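Read top to bottom, the protein sequences are chains A, B, C and D.
Per the working numbering, the first sequence starts with residue 1248, numbered consecutively.
Per the working numbering, the second sequence starts with residue 1248, numbered consecutively.
Per the working numbering, the third sequence starts with residue 6, numbered consecutively.
Per the working numbering, the fourth sequence starts with residue 6, numbered consecutively.
First the structure, in the form of structure tokens, and then the observations on it.
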Amino acid sequence: MRMDISTKVGKLHLKNPVMPASGTWGYGEEYLDFVVPEELGAVVVKGTTIEPREGNAPPRLAETPAGLLNCVGLQNVGLEKFIKEKLPVLKERKAFVIVNIAGNTVDDYRKISSALKDEKPVSAIEVNISCPNVKEGGISFGVNPDSAARVIKAVRKECPKPVIAKLTPNVSDIVSIAKACLDAGADAVTLINTLKGIAIDTANQKPLLPNITGGLSGPAIKPVALAMVYEVKKATGAAIIGVGGIESFEDALEFIMAGASAVQIGTANFYNPNVMPEIIKGFEEYFIKNGIKSMEELIGAAVL
Amino acid sequence: MRMDISTKVGKLHLKNPVMPASGTWGYGEEYLDFVVPEELGAVVVKGTTIEPREGNAPPRLAETPAGLLNCVGLQNVGLEKFIKEKLPVLKERKAFVIVNIAGNTVDDYRKISSALKDEKPVSAIEVNISCPNVKEGGISFGVNPDSAARVIKAVRKECPKPVIAKLTPNVSDIVSIAKACLDAGADAVTLINTLKGIAIDTANQKPLLPNITGGLSGPAIKPVALAMVYEVKKATGAAIIGVGGIESFEDALEFIMAGASAVQIGTANFYNPNVMPEIIKGFEEYFIKNGIKSMEELIGAAVL
Amino acid sequence: MNYHDERQKNKIFFGFREVIEIKEISLNTYILEVSLSPELAGSAPGQFVYIMPKVQKRILLPRPLCIVDVDKNSLKMIFKVKGRGTGYLAEVRKGENLSLMGPLGKGFETITAPSVLVGGGLGVSPLYLLAKKLNSEFGDKGVKAIIGFKNKAEAFYVEKFGSLMSNVLVCSDDGSLGEKGNVVEILEKNFNGEKVVYACGPRPMLKAVSVFTLGKDAKLFVSLEERMGCGMGACLGCVAKIKTENGEEYLRVCKEGPVFDGHKVVY
Amino acid sequence: MNYHDERQKNKIFFGFREVIEIKEISLNTYILEVSLSPELAGSAPGQFVYIMPKVQKRILLPRPLCIVDVDKNSLKMIFKVKGRGTGYLAEVRKGENLSLMGPLGKGFETITAPSVLVGGGLGVSPLYLLAKKLNSEFGDKGVKAIIGFKNKAEAFYVEKFGSLMSNVLVCSDDGSLGEKGNVVEILEKNFNGEKVVYACGPRPMLKAVSVFTLGKDAKLFVSLEERMGCGMGACLGCVAKIKTENGEEYLRVCKEGPVFDGHKVVY
Ligand SMILES: Cc1cc2nc3c(=O)[nH]c(=O)nc-3n(C[C@H](O)[C@H](O)[C@H](O)COP(=O)(O)OP(=O)(O)OC[C@H]3O[C@@H](n4cnc5c(N)ncnc54)[C@H](O)[C@@H]3O)c2cc1C
Ligand SMILES: Cc1cc2nc3c(=O)[nH]c(=O)nc-3n(C[C@H](O)[C@H](O)[C@H](O)COP(=O)(O)OP(=O)(O)OC[C@H]3O[C@@H](n4cnc5c(N)ncnc54)[C@H](O)[C@@H]3O)c2cc1C
Ligand SMILES: Cc1cc2nc3c(=O)[nH]c(=O)nc-3n(C[C@H](O)[C@H](O)[C@H](O)COP(=O)(O)O)c2cc1C
Ligand SMILES: Cc1cc2nc3c(=O)[nH]c(=O)nc-3n(C[C@H](O)[C@H](O)[C@H](O)COP(=O)(O)O)c2cc1C
Ligand code: FES
Ligand code: FES
């Protein structure tokens, strides 16, 4: 018997709550040996900008205790190539596509949403106002409720598809940012992007990454992500996609109970390419074992 | 040959750069089987408040990947008993004592500094405006430059001893908080206190800690702490005590090169009670091997 | 007191010990025997060791385990596989080295006789060394043991108690071993006005023993469990609420405990 | 192309393989031999595997290692202990299971003969399987190998190359083994107008080989190293700057590489 582990994230209905985190699963083509995009709740593609970007100079990665620092810097093929080359493949596969978008200015976000609004295979837009690895835009929008709202409003106005705001944890008060985005028309929020971090190369007396700072992901950040999911759920009741350090079904369940309606898996794909199917199976088994009828019973169950 | 690994933190001259982090080493009495307080650069005692505090209900701890969540909630013997019972022991031992203080109101901080100003064995005051586990005061002062400055000013005015502001990482802009504290008269800043986190007890569908949130410490947070040390050093040049996830000499060296003049060790004491002497020895050996004459050569060496 | 004494390196051991034996002795429950050190040789009943599972995948802190027995050459612990830490611990093999720290905490006081030991489930384990001590101090007649398990599959050390002392009552929740019933019921039926009761097991059991012994004018000592950080009294992570002269206070299970006056614990 | 094919489970292996042998073959350098799988059996010269040290204290990501040899039953890698990951890897023992993924990346193309292989230090290791393949495709005369090490203590596989092919030039920086000098000097002295050069080693060495071969009108293939995240082309963590029709682009070492046209790499 196949269990119904479908879930709703705002207006989105997903067949299961598991999807890759943007930037960690390319365009769904890279992991075909292990996972086919159409078996996932959704596929969130690499952060996409209007123009192609070359990204930051290598080395771009540094391992830390139970964590990973990256400063990829939004290297991506650009909007045009994405629509021409990447999207058709995902469409053919009938994948449920969420496009993560980024820009330097509010107008960039507006333009890219406008270009995506008529692309049928795109089911939703995830607005990245939280990238710590680019000079302009990115995170700077996400640390302030007003600028966050401005970006979301622009996207909202342009594009009738569901809009999800992806927020940075590098803030004093995540609730106020989430509220601003919801008030500006976001259907849901994705929590969290990476934490700002540094590693020092002591042998050469300099930061290990040429970009100096990187974004911290992986199991290390799980408690921080859970806290933000919990607090935003409690304060707003919003639909949330939880992300940060998930590497097992148990972890995913923590996020669902803390208030997430779906989860994204990032870094764990790198050391266990089967992790997403494993989590999907975990939900099915858990539903059977505990007689759960609907994901609704679990979402936010631990929020007091 | 004994190397000179002494260091200066603002006006403080320490014989070595290694000290325990407040709240992780009690009053220096608990670890006597392994370390005597007088061999350390300083001893930072448990956060002290005017009245004794009973702290939060247990369980107070939860392990996370390479991290530890705690919600002790400033349980401490109170100012009077600290001065009467704990301080004399440290004085006899000629330990270099830094008292970590906390309060609900600015006036609390003022009163406690006033009471400590004439206590000879107290070498400096570390002002905790960053405790995430208490209802009032604590972290709320530390997330805003103005309130942070108010606390530091009050302490500064009251007490001629060196004042160190201990800051929380749960902020959008650590530099602005550090600047406000320095402008208000702090001699140095300690970076960082714990990150806010949550763990979910999925079997019982509730947060694992009765306090719901806890403070995340341990190796997991090291990259975040390093980033804050680096950025504050670069922006202000201030004297910094670095803390967060240090568990080896190598880690301590990363902090020194990122701009810290001294380091504190917290969680690592719990799984390796010898960690502080090991780090001190690590510095001595490194100085010999690399012909280092003074800690000054290393402090901030990686700051570009 | 002279505070300038050298570092007191002699009371607590910290370092590696060799695994002498590791064996499953009942359902998911293992006995672990490690080589001794002078400090560990001095372990008292009720004390514990802080032990680091060797394969440390995502494990940060050591795990506390009671001392079950200590003899000329070795120290024994019994543990049940609960999560990752104990899971990895079950994978250590004879001859490997294991990092541990101990003995820690304040153990049982053996003040007077006669006494009853009451152990439920894993709570049985710290009572064995205690029984040995009571037996040697007050003789076989001075001590009685009541040990209970969920069922026969989960039982351990029943024969060991049997060969140590004559007065052993065994029970199980489902009657598959010894008398059917829990240890509190067996205590109530078999209490003979003993002066001291020593209990270890789940909180509700300890509470019931406390209620019963209060009415009988017997002293009660219980051993508590709490999640630990340092195991050394420094972090205040492991507290339990205890009645003291100051009212009710959070005391440290690793330092003032794990053994407390059972009538002072706020259950 | 039919996108609705079943998951393409057949090209990359991911799971546990048994350690057949692990041995120190030169200073801090180990050979690791693991059991085969059908996917691994198809490994091409220049490809790599992504291998997870078994004891994962604070280790998150797998470590990339080149494939040195693959025969009927086993796959061989050679690694040097650099940090924690390779340190733990050196502790695995025969009979244990090791988690790994592979073969990954795009290997060397064996397009034409004659060719020269130039390997410096650990860079020697991927050239062995390549030499085998060139030898079988173009015969012993079609291929020459120049392998160099810091000194004799660090050298490995010298005899293996010797028994595989007749044309092997060995050198070391200090002259303790073979000719004194680095591989680039030896290449310059011994270049005979070969059509292809295959090189692996430190960046400055690759750059020097590139400069030399450009002047000689020989094709050059080099194998690059970068820190990796996914090993699968998904994270864009492992890029190197390469000249393409679009100018200069960051290409993925794990996917478009690790072997690149040596004259297109921006050193
Ligand atoms: C003083 C003392 C003595 C103990 N003696 C024994 C014994 O002799 N035999 C035995 O089997 N068990 C004993 N326990 C309980 C044992 O320590 C836990 O079962 C074990 O730590 C669980 O670890 P884990 O990694 O398998 O589980 P996980 O759930 O993965 O552990 C995660 C964290 O929770 C802590 N934790 C989980 N359960 C408990 C618990 N019940 N008490 C304290 N901390 C817990 C762990 O130490 C760890 O920090 C004792 C506990 C204490 C405090
Ligand atoms: C395609 C490829 C093939 C390789 N083949 C071999 C080989 O056959 N034999 C061999 O000995 N080494 C090889 N290396 C280098 C080897 O992967 C590193 O030496 C090893 O990862 C170091 O890990 P560590 O944990 O010991 O060091 P640490 O310094 O503790 O590693 C920390 C992190 O840095 C990364 N890292 C460190 N140095 C390197 C490096 N030079 N290249 C890439 N990542 C690095 C690690 O993977 C890890 O993520 C190869 C690297 C690549 C990219
Ligand atoms: C290599 C890498 C690249 C990333 N690129 C993006 C990106 O393009 N857009 C984005 O919103 N987040 C990006 N992220 C953040 C992840 O989507 C995710 O929020 C974060 O990694 C936390 O999840 P994890 O701990 O499961 O990896 C990236 C993360 C990594 C590790
Ligand atoms: C159990 C525990 C108690 C703590 N109590 C205090 C405290 O009383 N005052 C304070 O300023 N910081 C307190 N901290 C924070 C530490 O001093 C330190 O800033 C933090 O743990 C990060 O360092 P670490 O990763 O080395 O542990 C406490 C931390 C822990 C784990
Ligand atoms: S575990 Fe730290 S005080 Fe008990
Ligand atoms: S390692 Fe992820 S793209 Fe190469």
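Just so it is clear, CB atoms sit at the ideal spot from N, CA and C, and this is done for glycine as well.
Note that this is a predicted model, so its numbers are computed, not measured.
Classified as exposed, L219/C has fewer than 16 neighbouring CB atoms from the shown chains inside 10 Å of its CB. Checking the DSSP bridge columns, you'll see I27/C partnered with L37/C.
In its chain, beyond the 5 residues on either side, R1300, E1301 and G1302 have a beta carbon closer than 7 Å to the beta carbon of Q1322/B.
Taking 9 Å as the cut-off between beta carbons, none of the residues of the region 183–201 of chain C comes near chain B.
DSSP places K81/D in the strand class (E or B) of the three-state scheme. In the three-state reduction of the DSSP assignment, S215/D falls in the helix class. Using a Cβ-Cβ cut-off of 7 Å, N1417/A is close to S1419 of chain B, given in chain order.
Interface annotation, E1310/B: in contact with chain C, CB-CB separation under 7 Å. At the C-beta level, T1483/A and P1470/B stay beyond 7 Å of one another.
Note on G198/D: under 16 other CB atoms within 10 angstroms of its CB, so exposed under the neighbour-count rule. With a threshold of 16 other beta carbon atoms within 10 Å, D1430/B falls short and is exposed. With fewer than 16 other CB atoms across the displayed protein chains lying within 10 angstroms of its CB, L1551/B is exposed. Taking 6 Å as the cut-off, one finds no heavy atom of ligand 5 near enough to the beta carbon of R68/C.
Sequence-ordered contacts of the region 1291–1304 of chain A with chain D read K1293, P1299, E1301, G1302, N1303 and A1304 [C-beta pairs closer than 9 Å]. Counting along the chain, the unbroken beta strand (DSSP E) around L105/C starts and ends at N102 to L109. For the C-beta of I1447/B, the chain A residues within less than 7 Å are, from N- to C-terminus, L1473, E1501, M1504, A1505 and A1549.
Sequence-ordered contacts of the region 232–248 of chain D with chain A read R232, M233, G234, C235, G236, M237, G238, A239, C240, L241, G242, C243, V244, A245 and K246 [C-beta pairs closer than 9 Å].
For R68/C, the enclosing beta strand (DSSP E) starts and ends at R68 to C71. Within chain D, the residues placing a beta-carbon under 9 Å from that of T1271/A are G234, C235, A239 and C240, ordered along the chain. Within chain B, no C-beta atom comes nearer than 7 Å to that of E250/C; the closest sits roughly 13 Å away. Around the beta-carbon of T115/C, 16 or more other beta-carbon atoms lie within 10 Å, marking it buried. Neighbours of Y1533/B across chain C, judged by C-beta separation under 9 Å, do not exist; the nearest C-beta is about 23 Å away. For E254/D, the neighbours in chain A by C-beta distance under 7 Å run, in chain order, E1301. 7 Å or more divides the Cβ of L70/D from the Cβ of L45/D. Apart from the 5 residues on each side of it in sequence, G186/D sits with its Cβ closer than 6 Å to the Cβ of C176 in its chain, given in chain order. When 8 Å is used as the limit between beta carbons, V1319/A is near these residues of chain D: C240, L241 and G242, in chain order. A straight line joining the alpha-carbon of L192/C with that of V24/C spans about 37 Å. Against chain C, the beta carbon of G1444/B has no neighbour under 9 Å; the closest one sits roughly 14 Å away. Within the region 1469–1497 of chain A, the beta strand (DSSP E) runs of at least 3 residues that lie entirely inside it are, in chain order, 1486–1490. No heavy atom of ligand 4 is found nearer than 6 Å to the CB of A1474/B. Following the DSSP letters along the chain, one finds F196/C in no beta strand (DSSP E), marked with neither H nor E.
In this chain, S130/C is not harboured by any beta strand (DSSP E); it is covered by the alpha helix (DSSP H) spanning S130 to F143.
Neighbours of Y1477/B across chain C, judged by C-beta separation under 8 Å, do not exist; the nearest C-beta is about 25 Å away. A direct Cα-Cα distance of roughly 19 Å separates V1291/A from I1252/A. When secondary structure is reduced to three states using DSSP, V1422/B falls in the helix class. Under a 10 Å Cβ-count criterion, P209/D is classified as exposed, with fewer than 16 other Cβ atoms of the shown protein chains found around its own Cβ.
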